[in-house]
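All residue numbers for the sequence shown refer to the numbering used here, where the first residue is 36 and numbers rise by one.
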Amino acid sequence: MKSYMYAVLICLCSIARLNSQHAGVKSEKWGVAQGKEVLLYTLTNENGMVVKITDFGGTITAIHVADKEGVFEDVVLGFDNLEQYKAEHPCFGATIGRVANRIRNARFEIDGTPYQLAQNSNGHCLHGGNEFDRVVWQSKIVANKLGPSVQLHHLSKEGTMGFPGNLDSYVTYTLTDDDSIHVHYEATTDKATHVNMTQHSYFNLNGGKDKIYDHIIKIDADNYTEIDEEIIPTGKLATVKGTDWDLTSPTPIGKNIHKLNFNGYHYNYVFNKPNGELKEVIQVVEPKSGRTLSVFTTQPGVQFYSGNTIGDTFTGKNDIRYSDHMAFCLETQHFPDTPNHPNFPSTLLLPGEKYDETTIFRFGVEE
């Protein structure tokens, strides 16, 4: 028995050393888009967690994390190759900007000057039009005491998708040894403009083997932004109490999903915390695998989207045919259509100011 336990200990130590030896970040050529070389980065931490990011769209293509048995699986939807990312898809894993979510009628005013934006969603502007998630970002490996880190840079020029100002944007992805992905957004402008960036990964903590109905979620938000039939805020904040989308206590996603409009959850939750304070606001547990996901953010809200319109036309990694409710998004953000609602926390960025937001996705296993 002692010799068996000793052998197990030696094996575990060897695995730990192997993971430690492979910790770090590497890049490889992944193809060409818009005449530019596209790179794929692989970040690995001391525990063997792996995150893959491409500079096309600033996209997270894979997140491999362990379950309660120590088995690693990929917990985000996406594709095996660049060509599929270049084709139309629902923003799998992408960095979103300039302004996440919907802007009504694709227009806003700044100091009385009207701006007409790209109308890419039923006459409205969704996720800033076709820019941040569709361009090749400049990218590089950067030194970071927290762990393996990749920095992405994109200069969005004046008038792109109708937005004012030259917006200089940076997004830094860092993998830490507590199995967290830190996403740090920074931007400056030479003219008054609006900025509201987010991350659009589709999570499925059971590795995509089943739909997300058994995932249990809790969001620290007593209110949400009331919306109309086009999923755009009316300008009012309303309580979640008494609604089928109240997630203030741990709730299986599948419990009420079929009762909701829009084929599932598609609400912006207003966190019970001061805007700008980095705090844990979301917890998700997948009981079968034991995997957990906690979200910390400086942002005031999150669009919780339960993959209602993924459809059945996408074949993802490992030849898995995707469908509705295969994954969920936690799009930390300022509120949708904020430029048209002065009572919402502002997304206005002026010359000389710096847009600076952080979101942390921390993975673990249920104790």
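The C-beta atom is built at its ideal place from N, Cα and C for all residues, glycine as well.
None of the values given here were measured: they were computed from a predicted structure.
Suppose the cutoff is 6 Å on Cβ atoms and the five residues either side in sequence are ignored; what does the same chain contact list for Asp102 look like? As a position in the sequence shown, residue 102 is number 67, starting the count at 1. Same-chain partners within the cutoff: Ser324, Gly325 and Arg326.
Regarding Ser329 and the ligand ZN, is the C-beta to nearest heavy atom distance less than 8 Å? Ligands are entirely absent from the displayed structure, and the ligand ZN is therefore not among its contents.
Considering only DSSP beta bridges, list what Ile95 is partnered with. Translated into the one-based positions of the sequence shown, residue 95 becomes position 60. Ile88, per the DSSP bridge assignment.
Residues near Leu78 in its chain [Cβ-Cβ closer than 6 Å; skip 5 each side]: In the sequence shown, residue 78 corresponds to position 43, counting from 1. Correct list, in chain order: Val60, Val86, Pro183 and Leu210.
Just list the residues that DSSP pairs Glu109 with in beta bridges. The count along the sequence shown starts at 1 and reaches residue 109 at position 74. According to the sequence displayed, residue 109 carries Asp and not Glu. Its beta-bridge partners are His99.
Given 8 Å as the limit, is there contact between the stretch 272-287 and the stretch 342-356, that is, 3 or more CB pairs closer than that? no
At the level of alpha carbons, what is the spacing between Ser156 and Gly92? The residue you call residue 156 lines up with position 121 of the sequence shown. The residue you call residue 92 lines up with position 57 of the sequence shown. Their Cα atoms are separated by approximately 19 Å.
Let's test the definition: count the other Cβ atoms within 10 Å of the Cβ of Lys246 and tell me whether it reaches 16, buried, or not, exposed. As a working mapping, residue 246 is identified with position 211 in the sequence shown. Counting Cβ neighbours within 10 Å, Lys246 comes out buried, since at least 16 surround it.
Take Glu108 as the anchor and find which of His235, Pro285, Asn165 and Asn353 has the nearest alpha-carbon. In the sequence shown, the residue the question calls residue 108 occupies position 73. Among His235, Pro285, Asn165 and Asn353, the Cα nearest to that of Glu108 is on Asn353.
Using alpha carbons as the reference points, say which of His376, His188, Asn165 and Ile395 lies closest to Ile145. Here residue 145 refers to the residue found at position 110 of the sequence shown. Measuring from the Cα of Ile145, the nearest candidate turns out to be His376.
Can the beta-carbon of Glu321 be found closer than 9 Å to that of Gln338? The count along the sequence shown starts at 1 and reaches residue 321 at position 286. The count along the sequence shown starts at 1 and reaches residue 338 at position 303. In this structure, Gln338 does not lie closer than 9 Å to Glu321 by Cβ.
Boundaries (first-last residue) of the alpha helix (DSSP H) holding Lys121: Here the question's residue 121 lines up with position 86 in the sequence shown. That run of the alpha helix (DSSP H) goes Leu117 to Lys121.
Give the straight-line distance between the Cα atoms of Ser191 and Asp203, rounded to the nearest whole angstrom. Taking the sequence shown and counting its residues from 1, the one referred to as residue 191 is at position 156. Taking the sequence shown and counting its residues from 1, the one referred to as residue 203 is at position 168. The alpha-carbon atoms of Ser191 and Asp203 are separated by roughly 6 Å.
Could you pull the start and end residues of the beta strand (DSSP E) that Ser204 belongs to? Here residue 204 refers to the residue found at position 169 when the sequence shown is read from its first residue. Per DSSP, Ser204 belongs to the beta strand (DSSP E) from Leu202 to Leu210.
Gly387 classed as buried or exposed, judged by whether at least 16 other C-beta atoms fall within 10 angstroms: To locate residue 387, count along the sequence shown from 1; it is residue 352. When all chains shown are included, Gly387 counts as exposed.
Leu152 versus Ala141 - alpha carbon distance: Counting from 1 along the sequence shown, the entry for residue 152 is found at position 117. Counting from 1 along the sequence shown, the entry for residue 141 is found at position 106. About 5 Å.
Please name the residue or residues paired with Gln368 in a DSSP beta bridge. Residue numbering aside, residue 368 sits at position 333 when the sequence shown is read from its first letter. DSSP output for Gln368 lists Gly336 as bridge partner(s).
Provide the residue span of the beta strand (DSSP E) that contains Ser215, from first to last. In the sequence shown, the residue the question calls residue 215 occupies position 180. Note, Ser215: beta strand (DSSP E), Ser215 to Thr224.
Counterpart residues of Val330 in DSSP-defined beta bridges: The residue given as residue 330 occupies position 295 in the sequence shown. Val330 pairs with Ile317 and Phe396.
From the DSSP output, in three-state form, read off Lys290 for me. Translated into the one-based positions of the sequence shown, residue 290 becomes position 255. Of the three classes helix, strand and coil, the one that applies to Lys290 here is coil, per DSSP.
Which residues in the same chain have their Cβ closer than 7 Å to the Cβ of Val171, if we skip the five residues on either side of it in sequence? Indexing the sequence shown from 1 puts residue 171 at position 136. Excluding residues within five positions, the ones whose Cβ falls inside 7 Å are Ala68, Gln69, Lys71, Val73, Asp90 and Phe91.
Give the DSSP bridge partners of Phe238, in chain order. Translated into the one-based positions of the sequence shown, residue 238 becomes position 203. Answer is Val111 and Phe363, bridged to Phe238.
Cβ-based burial, Asn136 [other Cβ within 10 Å; buried from 16]: Within the sequence shown, residue 136 is the residue found at index 101, counting from 1. The residue in question, Asn136, is buried, as its Cβ has 16 or more Cβ neighbours within 10 Å.
Tyr390 - partner residues in DSSP beta bridges: By 1-based counting over the sequence shown, the position of residue 390 is 355. For Tyr390, which the question treats as bridged, DSSP gives the partners Ala222.
Are the beta-carbon atoms of Asp255 and Ile317 separated by less than 9 Å? Taking the first residue of the sequence shown as position 1, residue 255 is located at position 220. Taking the first residue of the sequence shown as position 1, residue 317 is located at position 282. For Asp255 and Ile317, yes; Cβs fall inside 9 Å.
Could you tell me which residues DSSP pairs with Ala129 in its beta bridges? By 1-based counting over the sequence shown, the position of residue 129 is 94. In the DSSP output, where bridge partners are listed per residue, Ala129 has His235.
Among the residues of its own chain, which have a CB less than 6 Å from the CB of His99, if the five just before and after it don't count? Sequence index remark: in the sequence shown, residue 99 carries index 64 (1-based). So the qualifying residues of the chain are Val85, Phe107 and Asp109.
So, using beta-carbon positions, are Thr393 and His162 closer together than 9 Å? Walking along the sequence shown from the start, residue 393 turns up at place 358. Walking along the sequence shown from the start, residue 162 turns up at place 127. It is not a contact, given that the beta carbons lie outside the stated cut-off.
Would Val230 and Val305 be called neighbours here (beta carbons separated by less than 9 Å)? Position 195 of the sequence shown holds residue 230. Position 270 of the sequence shown holds residue 305. No, they are not a contact pair.
To which residues does DSSP link Asn303 through a beta bridge? As a first step, residue 303 is located in the sequence shown; it is residue number 268 there, counting from the start. Note: Asn303 sits in a beta bridge opposite Gln338.
With 16 other CB atoms within 10 Å as the buried threshold, where does Pro371 fall? Residue numbering aside, residue 371 sits at position 336 when the sequence shown is read from its first letter. Buried.
So what does DSSP say about Tyr248, is it helix, strand or coil? Within the sequence shown, the letter at position 213 stands for residue 248. Three-state result, Tyr248: helix.
In terms of DSSP beta bridges, what is Ala256 paired with? Position 221 of the sequence shown, counted from the start, is the residue given in the question as residue 256. Bridge partners of Ala256: none, in fact.
Should Tyr390 and Glu221 be called a contact, given that it needs their Cβ atoms to be closer than 9 Å? For the purposes of this step, residue 390 is taken as residue 355 along the sequence shown, with counting starting at 1. For the purposes of this step, residue 221 is taken as residue 186 along the sequence shown, with counting starting at 1. The answer is yes: Cβ separation under 9 Å.
Flag this pair as yes or no: are the beta carbons of Pro374 and Leu383 separated by less than 9 Å? Within the sequence shown, numbered from 1, the residue matching residue 374 stands at position 339. Within the sequence shown, numbered from 1, the residue matching residue 383 stands at position 348. Yes, these two residues count as a Cβ contact at 9 Å.
For a quick check, are the C-beta atoms of Gly128 and Leu117 less than 9 Å apart? Against the sequence shown, residue 128 aligns to sequence position 93. Against the sequence shown, residue 117 aligns to sequence position 82. No, they are not a contact pair.
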